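2 protein chains.
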Amino acid sequence: MTYDLVVIGAGPGGFDAAADAAGYGLKVALVEKQFLGGTCLNRGCIPTKLWLGATSAVEELHNQAKMKVASGEVKVDFPALQARAGKHLAGTRKAMAMQLKKLGIDLIEGTGRLRDGKVSVETGNGEQVLEYENLVLATGSKPVFFPGLEPDGDCVLDSDMFLAMEEMPRSLVVIGAGFIGLEMAQVAHRFGAKVTVVDAMDRVAPLEDPEVSKALASVFKRWKWDVLLEKRVAGVTTEGGKGVLTLDTREKIEADKILVAVGRGPVTEGLGLEQAGVELMMNKVVVDENLMAAPNIYAVGDANGHIQLAHAASHQAHYVAARIAGRTDAPYESGPVPSVLYGAPEVMRVGMMDNEAFLTDFDTAETSKAMLAANPMAQAHASTQGFVKVVWSAGKVVGVTAVGHDVSRLVTPATMIVQQGWTVEDADKTIFPHPSLDESLLMALKGERTRVG
Amino acid sequence: MTYDLVVIGAGPGGFDAAADAAGYGLKVALVEKQFLGGTCLNRGCIPTKLWLGATSAVEELHNQAKMKVASGEVKVDFPALQARAGKHLAGTRKAMAMQLKKLGIDLIEGTGRLRDGKVSVETGNGEQVLEYENLVLATGSKPVFFPGLEPDGDCVLDSDMFLAMEEMPRSLVVIGAGFIGLEMAQVAHRFGAKVTVVDAMDRVAPLEDPEVSKALASVFKRWKWDVLLEKRVAGVTTEGGKGVLTLDTREKIEADKILVAVGRGPVTEGLGLEQAGVELMMNKVVVDENLMAAPNIYAVGDANGHIQLAHAASHQAHYVAARIAGRTDAPYESGPVPSVLYGAPEVMRVGMMDNEAFLTDFDTAETSKAMLAANPMAQAHASTQGFVKVVWSAGKVVGVTAVGHDVSRLVTPATMIVQQGWTVEDADKTIFPHPSLDESLLMALKGERTRVG
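So the sequence lines, in the order shown, correspond to chains B and R. Residue numbers for the first sequence follow the working numbering, so the first one is 869 and each next one is one higher. Residue numbers for the second sequence follow the working numbering, so the first one is 869 and each next one is one higher.
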């Protein structure tokens, strides 16, 4: 039997491509070497959200205690949390497996490789060969390391190992001040860990707006984190049951655990991709405007390296499934992709930052801003640091960035606003609820504009 | 001197009308008999949000404790909270006064009445008479009572008195299961009070979708509230330091305090409105499609009784100011008005409910739904009861209703979606962040549709 579609990888991109294609009536096989749900469900977004959710009372109490309005103690039982997370993930995987069955999709468990125009899967019961009309590569990504920063699984951990810990360390060094490292550091902080963050760049969250980095840094300082910037790490090792980080200045930092979160790279090696005519660049699958890597071979999500976010992978997957089913022959159009750092404070971003707007349009790029200090919901949660910034080009909204209490709730309306290219008049037409954090977005939209540059 | 505009009432509607008009270059006087900010800031939305924010850790801890993931205790100091709220409100009023000054608006403190085509203000220093070209009535609303339900200020309270309490009662009876009563009852519950809710209707939140009422009732039952429905109250009194409610069956219910929250009515009596040619109906100022009550006299917000929500008042105020300034002569168009019950669970609604859609369009009215049980953020906060329901008419979204953890964050995107009349294809074009509670709205948009009726 020849499948209409074989998908390699059952993360958000692969799963959605398979489900959509089956919904369109295609015969589909989904190949997964480990867990349904991939990194996002099993070792990424979902477990960190369970950790942040379980500890959110710690932060809420802390803020009210600062105001002398509340007192007490919230104790989170880490082993109980891990047991709950494990059960939750298993339950979600089971629900996904049932969905596949209901859709008539064959789940093939094993490592899939391309060979002679077919997919060879190394399963527990030997090799299984799948013939296909179309192939979707959704192989995802894995943590990457600079030489000397490899985790040893003892006291030096990557994010997978960190999420699998049985107890929370009392001191933690995080190498890499991006969203992954910062979310995990924040959870450790809520468990009372002493946190040190090390980054080679000159600011935390170096991919975000510099003002966002500044706001985050000021919160971390209040939390008494050690934030070490512009530091190069020479090596990390486990010595006498402790993690030891050595800077290139030979200075040493010791902690119970060291989390290396310097980035993730595509999983594309050893899959026979080049032999099948797929081009790789820096391990990323090169795709054209139709997300096609070679005739009848597509790549979605982290594998093509466009953007490492689950919802971007899913959006690409919906397109590819529709294309394979003959529902569209237009090139892929992404639209603005939102990104979120969860926790407290949160960060959200969609569309352009001001420097990007300036580069594409230095004549009319503008920003407008609202401070959370003026927002009643931020005030009610005693967490008023932060702001919402709107980026304009030619009088239309091209980007929104925010940092502070609960700003993740701005991201969907902001995505719609950027996608629709709102003018300030559009903002006047829509009624925002009062009181709400959402009003800070309205205030920013209506705020005084300043030229960028 | 004749003012271009005199505004009576400095709540959200009156303040915004004055501020906008001054921004358009008009000479404006704002008359306020008590506090800048009106009911919303001083005795309504804002203090309740401060209470809910201060106690949110109680609810978060409770949910995680149920999962045996967390333990401990959060104690909120009610007098400290009241002191903080008082300071906060005073600070906000001060900021508003400064904004008026900056805009060149004359704030006249006293009760304004219409007399001989002028506004007579009874101030602390005697009468002040204001001449005007245009007048905006933004006199707001106050609690109303059926006979026998009048508060005595001792153990029988209206919402104003409730918000001014110096200690939280250990037992509370709330008469009226609308949003105002339910938000306040929820705070009392978080302080450990024994809560009883009494309503004459057959369900809580009787203005909402019946499924929302059912979901709320099930949560209240778990919280061990006594919810007494279809009960008529014969009277409420204070007896021996306790509030005593008597049902028409002669059954008596006793509690430390009784909150009467059966509704609010416009403040329009004794202001000389009829003599000025303004028509009142059930105390509401009757306005035309331009929000005009008489030549050059407008009414916005609770005074015209269209909808008792601060953001609706503000939206009307923006229109009226623009109209008076000659910026528009089109009739007023509201667009969909969102409403929110804050706390945990939350409720949100915008546009039509399914019964409304069915009445206007019984051929194509449909609903689609997503359960929060499937949402990872609801799961992370161990609060998975609830749903999002989308109401369709002729294949377009005409309403969204939701109940459950954090659903207030859906209200702004839902408002935009209803306003824009999305089809299901529009939903496919927008990337929702993963994981997020927002995805439950996407799931509901893409869910299977069922005919209404």
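Beta carbons: idealized from backbone N, C-alpha and C, even for Gly. These figures come from a predicted structure and were not determined experimentally.
Which value, in whole angstroms, describes the spacing of the CA atoms of residue i and residue j?
i, j, result
"residue 1141 of chain R", "residue 896 of chain R", "20 angstroms"
"residue 1095 of chain B", "residue 1027 of chain R", "48 angstroms"
"residue 1193 of chain B", "residue 891 of chain B", "10 angstroms"
"residue 978 of chain B", "residue 1037 of chain B", "34 angstroms"
"residue 1266 of chain R", "residue 902 of chain R", "40 angstroms"
"residue 1024 of chain R", "residue 910 of chain R", "20 angstroms"
"residue 1238 of chain R", "residue 976 of chain R", "51 angstroms"
"residue 1000 of chain R", "residue 1157 of chain R", "22 angstroms"
"residue 1240 of chain B", "residue 907 of chain R", "22 angstroms"
"residue 1058 of chain R", "residue 1147 of chain R", "44 angstroms"
"residue 1145 of chain R", "residue 1005 of chain R", "13 angstroms"
"residue 1143 of chain R", "residue 1190 of chain R", "27 angstroms"
"residue 1227 of chain B", "residue 914 of chain B", "35 angstroms"
"residue 1313 of chain R", "residue 1130 of chain R", "34 angstroms"
"residue 1029 of chain B", "residue 1125 of chain B", "11 angstroms"
"residue 924 of chain R", "residue 1211 of chain R", "8 angstroms"
"residue 1281 of chain R", "residue 1274 of chain R", "14 angstroms"
"residue 973 of chain R", "residue 1063 of chain R", "45 angstroms"
Return no unless some Cβ of chain B is closer than 8 angstroms to the Cβ of residue i.
i, result
"residue 1183 of chain R", "yes"
"residue 1213 of chain R", "no"
"residue 952 of chain R", "yes"
"residue 1174 of chain R", "no"
Label residue i either buried or exposed according to how many other C-beta atoms from any shown protein chain fall within 10 Å of its C-beta, with 16 as the threshold for buried.
i, result
"residue 917 of chain R", "buried"
"residue 1136 of chain B", "buried"
"residue 1139 of chain R", "buried"
"residue 1255 of chain B", "buried"
"residue 1086 of chain B", "exposed"
"residue 1021 of chain B", "exposed"
"residue 1127 of chain B", "buried"
"residue 995 of chain B", "exposed"
"residue 1305 of chain R", "buried"
"residue 888 of chain B", "buried"
Below 8 angstroms on C-beta distance, what does residue i contact in chain B?
i, result
"residue 1186 of chain R", "1296"
"residue 1245 of chain R", "917 and 921"
Would you verify that the beta carbon of residue i is, or is not, closer than 8 angstroms to some beta carbon of chain R?
i, result
"residue 1013 of chain B", "no"
"residue 925 of chain B", "yes"
"residue 1199 of chain B", "no"
"residue 975 of chain B", "no"
"residue 1057 of chain B", "no"
"residue 1191 of chain B", "no"
"residue 929 of chain B", "yes"
"residue 831 of chain B", "Residue 831 of chain B lies beyond the stretch modelled for chain B, which goes from 869 to 1321, so this question has no answer here."
"residue 1208 of chain B", "yes"
"residue 944 of chain B", "yes"
"residue 1312 of chain B", "no"
"residue 1249 of chain B", "yes"
"residue 932 of chain B", "yes"
"residue 1054 of chain B", "no"
"residue 880 of chain B", "yes"
"residue 1143 of chain B", "no"
Give the interface partners of residue i over in chain R, defined as CB-CB distance under 7 angstroms, in chain order.
i, result
"residue 949 of chain B", "937"
"residue 1178 of chain B", "1302"
"residue 1277 of chain B", "1277"
"residue 1306 of chain B", "1280"
So which residues on chain B does residue i lean against when the C-beta distance must stay under 7 angstroms?
i, result
"residue 1205 of chain R", "1299"
"residue 1281 of chain R", "1280, 1281 and 1284"
Please compile the residues from chain R whose C-beta is within a distance smaller than 9 angstroms of the C-beta of residue i.
i, result
"residue 913 of chain B", "1244, 1302 and 1303"
I want to verify the contact list: residues of chain R whose CB lies under 8 angstroms from the CB of residue i, in sequence order.
i, result
"residue 1037 of chain B", "Within 8 angstroms Cβ-Cβ: nothing; residue 1037 of chain B doesn't reach chain R, min ~19 angstroms."
"residue 1287 of chain B", "1297 and 1298"
Inset, instruction - Check whether the region 1169-1179 of chain R touches the region 1262-1273 of chain B, counting contact only when three or more Cβ pairs, one atom from each stretch, lie closer than 8 angstroms. - result: Contact fails: fewer than three Cβ-Cβ distances are below 8 angstroms.
Inset, instruction - Could you tell me whether the region 1202-1216 of chain R touches the region 1294-1305 of chain R, using the rule of 3 or more Cβ pairs below 8 angstroms? - result: No, the region 1202-1216 of chain R does not touch the region 1294-1305 of chain R.
Inset, instruction - Examine the Cβ distances between the region 1011-1021 of chain B and the region 869-889 of chain B and report whether three or more of them are shorter than 8 angstroms. - result: Short answer: they don't touch.
Inset, instruction - Answer yes if the region 1243-1261 of chain B comes into contact with the region 1107-1120 of chain B, meaning at least three C-beta pairs across the two stretches below 8 angstroms, and no otherwise. - result: These segments do not touch.
Inset, instruction - Kindly confirm or deny that the region 943-957 of chain R and the region 945-954 of chain B touch, where touching means at least three C-beta pairs closer than 8 angstroms. - result: Verdict: no, contact absent.
Inset, instruction - Pair every Cβ in the region 1054-1070 of chain B with every Cβ in the region 918-928 of chain B, then say whether three or more of these pairs are closer than 8 angstroms. - result: Three or more Cβ pairs closer than 8 angstroms define a contact, and the region 1054-1070 of chain B meets that threshold against the region 918-928 of chain B.
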